[in-house]
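In my numbering, the protein residues as written are 686 to 908. Idealized CB from N, CA, C, for every residue including glycine. Source: prediction; values computed, not measured. Note sheet for the following structure.
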Amino acid sequence: MKLFHFTTARYVISSILENRFKLSTFMNLNDPFEVMPIMREKDGHYASAVLVRHHIQDMLKNTGLLCLSADISSTAMWGHYADRHKGVAYEFHFEQEVLGTLFHVEYKNERVELSDKTNLNIKAEYKEFIITLLGRKAECWGFEAEFRWVFPLINGKVHVTVGKDGFIYMAIPKELKRIILGVDCPLIEGVVSNALHEHGFKDVAVTRARLSDRDYRVIVDPI
């Protein structure tokens, strides 16, 4: 499976030189409805789930994630998340053993409901509820075609560090196969490629996206 992470070009070279890749947490995503369920009371009315959201965020404070997309041709993704086509997309290739840590986001306008019968203190019920909650976003976000690569930040297989800037980092994943420069990205392909080769990432390719001559797609040639 091929998935892509869109970002700015600013830290591409330093990321290679320092062998580190920035992770997000569920507390700093850009949708205010993230991990916020709805709660139906016994009388049929809905109660505020803000306090529940804070509780769930606290439970997820030791969980990191990388937001990925299945659509490399989307002008909206390049424009919104890759600095108006001046950024880059990291291309990852996932094997079967990694797929269990990937959450496919479904887009529905019906929010996830926290029933008064759901007991979050029971491990199985908590896990089922959280997986559903983490994988649900409103239909307006559908252009993202999102997958979420989730990591435990403590006692997990992935070693993470906290930088001086307060952000969480992991080593560059072995699943990284290519860095794709946006059509207006100021980085030079040869410079990025040389940095990769000189720092042990000889199998990571570098290429530049281009605009379609026929429609509104961004074209990225196969490796």
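Here threonine 693 carries a coil assignment [DSSP, helix/strand/coil]. Per DSSP, reduced to three states, the secondary structure at alanine 761 is helical. Judged by DSSP in its simplified three-state form, glycine 875 adopts helix. In the DSSP assignment, glutamate 795 forms no beta bridge with any residue. Of the candidates Ile904, Asp900, Val889, Val889 places its Cα closest to the Cα of glutamate 776. For the set Arg833, Asp850, Arg895, the Cα lying nearest the Cα of valine 868 is the one of Arg895.
From the listed residues Met686, Lys887, Ser700, the smallest Cα separation to isoleucine 853 is found for Ser700.
DSSP, read as helix, strand or coil, puts glycine 749 in strand. For the 9 Å CB-CB criterion, threonine 693 and glycine 749 do not form a contact. Rounded to the nearest whole angstrom, the C-alpha separation of aspartate 898 and valine 891 is 22 Å. The distance from the Cβ of phenylalanine 832 to that of leucine 688 is about 5 Å, consistent with a contact at the 8 Å cut-off. Using a 10 angstroms sphere on the CB of lysine 822, the tally of other CB atoms reaches 16 or more, which defines it as buried.
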